[in-house]
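Engineer: This is the structure, below, for whatever I ask next.
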RNA sequence: GCUCCGGUGGUCUAGCGGUUAGGACGCCUCCCUUUCAAGGAGGAAAUCGCGGGUUCGAAUCCCGUCCGGAGUACCA
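Residue numbers (this note's numbering): 35 to 583.
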């Protein structure tokens, strides 16, 4: 199909469900005052994760969209834990989610940890409170749902037969959709395990207006009857999430577009209850470089791993927002406030996007460069104190071509210690390197030579430059000048003067001839900040000491 | 198989019937320069998945087709 986005969008815009939500959802992009909370309906959005693993960047983006949208419209952001699958839920994972969200600075107005008027906010607790039971009875009573008692074996056989036949698959009524109430009663009295299914209407067209794609349509005959309540009495996602969204007054549902194919069921469920539907916003997935959906299997997709590497929270947020969303103009590096102001559902893209780490690195570097050196250091110190970062660098696999993770962390620790001992000097060291790194952690190895007497020395460079016939005399003369040098603050000027006069005294044509060997002697490497600045941070006595070593 | 969704340089995107298809990352060249970055100036890179149609005119509208993805669970 060709790209029909504009038509879909404008069509949807003209068609929307309710005047109230319309003005909020489709507030003009620019040039006018956003209509914040002036309408009769205020925005309520929710992040409803199933804590079954790590929080990855795709999920982070979903929360971010929720957060941006809530902020933009002065709405409410809710956290709801979807733990209806007892076998998969893990408390550690929930902790990971809490930690990540805290790191990201996403705060919730309602949720299990802060409470709120629509609690409880954990589905297992809502189940215990009888919420789903109550609602499923309502559907049963109105005959919009029914009990079904097929065994797993029967279901499997059914599926197999369907597969052989080709065509649609799923549960389209089996033996129970229109079963005699007495038969159902008998089955129940026999104690047969059964489930409750939604009676999806037949012969109809089911529709849903997606905020990104416009109107979606399904032939209801293609939609099978989803299980609402499992045999163990727990509600399925299909049921619990819809019921909760309604009960919690959720106005806009941001979710991954992997839900698109079951959206018809959700539409049917809302209809069965006679409830007004929230606006669904099916966000495209973020895929890895191989084009496959992000998962633990390939690459670091865990948000805390990026955090550990020293990507700034605002960089990650900014970067991730731009996968699938655009402010409509050419802006890229944006503050959270700017993103909030620019956020608009119309800027959302339907196609999946790749996570390009190189661009993230660039974006982070831009931020690191723009910050005050002291602020950069503060961020690094904070990072070094994070247990998840320590854990990351201790356990991460070394990558070929990348610096050894243990060395990186060691460098970070040295720098952090230096910060506590001589903060001013540490800040200066950071200042000289902040425009040369992409991440905070890179600062560790980069600054190491300042504070570690046993800093590593590039053997090849040493071999080349120390072999120059004038090298030892250069070092000696320079060291003597250092002995006499009156340093003021971190002013590089006197160091340059000293170097210049060395060049003259030795009769060297190129200034580089004195710079290179000195740089290697002092820092162990051929690359890095300006030599005079570097010397100024080291100070005359330390420079002299290293020259004589 | 069936259902639904998607498809603009390698990547993220702008585009809303008339543009030399714009920007950004990355890549390359040059300048700056004590190295590396940063910065500046350039460059390569998109027949807008493909084919038809509508139109004076299509990346934009329509149809078809291909490819990719998701779902097809008593997982979310």
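Note that beta-carbon positions come from the ideal geometry of N, C-alpha and C, so glycine has one too.
Buried or exposed, going by whether 16 or more other CB atoms sit within 10 Å of the CB of residue 82?
Structural biologist: Classification of residue 82: buried, given that the 10 Å Cβ count is 16 or more.
Engineer: Would you call the region 350 to 360 in contact with the region 90 to 109, where contact means no fewer than 3 C-beta pairs closer than 8 Å?
Structural biologist: Touching, yes.
Engineer: Whose C-alpha, out of 313, 531 and 411, is nearest the C-alpha of residue 516?
Structural biologist: Of the candidates 313, 531 and 411, the one whose C-alpha sits nearest the C-alpha of residue 516 is 531.
Engineer: Only counting runs of 3 or more residues, tell me where the beta strand (DSSP E) segments fall wholly within the region 530 to 575, in order along the chain.
Structural biologist: Taking only runs of at least 3 residues, no beta strand (DSSP E) segment lies wholly in the region 530 to 575.
Engineer: Measuring straight from C-alpha to C-alpha, what distance separates residue 419 and residue 344?
Structural biologist: Approximately 12 Å, taken between the alpha carbons.
Engineer: Determine the direct distance from the alpha carbon of residue 91 to that of residue 386, and round the result to whole angstroms.
Structural biologist: Spanning the two alpha carbons is a distance of roughly 13 Å.
Engineer: Figure out for me which residue from 559, 198 and 118 has the closest Cα to the Cα of residue 266.
Structural biologist: Cα-wise, what sits closest to residue 266 is 118.
Engineer: Locate the beta strand (DSSP E) running through residue 365, then write down its first and last residues.
Structural biologist: Taken as a continuous stretch (DSSP letters only), residue 365 belongs to no beta strand (DSSP E), as it is neither H nor E.
Engineer: Taking the straight line between their C-alpha atoms, what separation do you get for residue 540 and residue 568?
Structural biologist: Roughly 22 Å between the two C-alpha positions.
Engineer: Of all the options 365, 177 and 464, which has the alpha carbon lying nearest to the alpha carbon of residue 306?
Structural biologist: When each option's Cα is compared against that of residue 306, the closest is 177.
Engineer: Whole angstroms are fine: how far does the CA of residue 99 sit from the CA of residue 360?
Structural biologist: Using only the alpha carbons, I get a separation of about 12 Å.
Engineer: Given that a residue counts as buried once 16 or more other Cβ atoms are within 10 Å of its Cβ, and exposed if not, what is residue 157?
Structural biologist: Label assigned to residue 157: buried.
Engineer: Report yes if the CB atom of residue 254 is closer than 8 Å to the CB atom of residue 228, and no otherwise.
Structural biologist: No, the Cβ-Cβ distance between residue 254 and residue 228 is not below 8 Å.
Engineer: Within the continuous beta strand (DSSP E) that includes residue 182, where are the two ends?
Structural biologist: Residues 179 to 182.
Engineer: Please state if the CB of residue 179 and the CB of residue 220 are separated by a distance shorter than 8 Å.
Structural biologist: Their beta carbons are not under 8 Å apart, which means residue 220 does not touch residue 179 by this criterion.
Engineer: So, is residue 107 buried or exposed, given that buried needs 16 or more other C-beta atoms within 10 angstroms?
Structural biologist: Flag for residue 107 reads buried.
Engineer: Given this structure, state the Cα-to-Cα distance separating residue 162 from residue 142, to the nearest angstrom.
Structural biologist: Their backbone Cα atoms lie some 24 Å apart in a straight line.
Engineer: Excluding sequence positions up to five away, which residues of its chain have a Cβ less than 6 Å from the Cβ of residue 394?
Structural biologist: Only 353 meet the Cβ criterion.
Engineer: Under a Cβ-count criterion, where at least 16 other Cβ atoms within 10 Å of its own Cβ denotes burial, should residue 323 be classed as buried or exposed?
Structural biologist: Under this definition residue 323 is an exposed residue.
Engineer: Buried or exposed for residue 557, please, with buried defined as at least 16 other CB atoms from any protein chain shown within 10 angstroms of its CB.
Structural biologist: Classification for residue 557: buried.
Engineer: So the beta strand (DSSP E) residue 243 belongs to, where does it begin and stop?
Structural biologist: Its beta strand (DSSP E) spans residues 239 to 244.
Engineer: Where residue 85 and residue 128 are concerned, what is the direct C-alpha to C-alpha distance, given to the nearest angstrom?
Structural biologist: Using only the alpha carbons, I get a separation of about 5 Å.
Engineer: Give the C-beta separation of residue 282 and residue 152 to the nearest angstrom, bearing in mind that I take them to be a contact with Cβ-Cβ under 8 Å.
Structural biologist: That pair is a contact at about 4 Å.
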